[in-house]
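Asks: If you want my numbering, it's the 1-based position in the sequence shown plus 6.
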Amino acid sequence: MKAAGLGDHFVNHDHALFYQNASGVPWTATYIQAKGDPIADLYEDIAAEEKARATYQWLIDMTDDVDLQDGLKYLREREVVHSQRFREAVEIIKDDRSHQKYF
């Protein structure tokens with residue numbers, strides 16, 4: 007376990023999942039950015055997708071393995087699509103807010 011880099015994890019968590027980033031920092035609910043305003047929250051989502059896209063691009067640039075690059079390119083493209091859908095949702099909400107509502 008130690009040779010595989012899992013010694014500390016196994017000692018602390020046995021076989022249980024323990025969510026952490028690549029640096030070993032544990033996951034926390036503070037990673038969730040929610041303001042309660044749909045437009046602000048969607049812009050947070052767009053930013054997260056763009057950060058993920060950039061990370062995949064950095065990984066693509068770091069390897070010469072074509073098969074690995076193909077998988078990373080798929081994941082990068084998925085982030086682009088997510089970002090585009092969130093941007094469309096922002097426009098839908100903005101458009102909806104501009105119309106007079108009668109209840």
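Cβ atoms here follow ideal geometry from the backbone N, Cα and C, with glycine treated the same way.
In this text the structure is predicted, and so the values were computed from the model without any measurement.
With burial defined as no fewer than 16 other Cβ atoms inside 10 Å of the residue's Cβ, what is the status of F109: buried or exposed?
Replies: exposed
Asks: Does the distance from the C-beta atom of A58 to that of D47 stay below 8 Å?
Replies: no
Asks: Can you tell me whether M39 is helix, strand or coil according to DSSP?
Replies: According to the sequence shown, residue 39 is Gln rather than Met. Coil at Q39, not helix or strand.
Asks: Per DSSP, what are the beta-bridge partners of P32 in this structure?
Replies: Q26
Asks: With the cut-off set at 8 Å, would you say E55 and E97 are in Cβ contact?
Replies: no
Asks: Determine, using beta carbons only, whether Q63 and T69 come nearer to each other than 8 Å.
Replies: No, they are not a contact pair.
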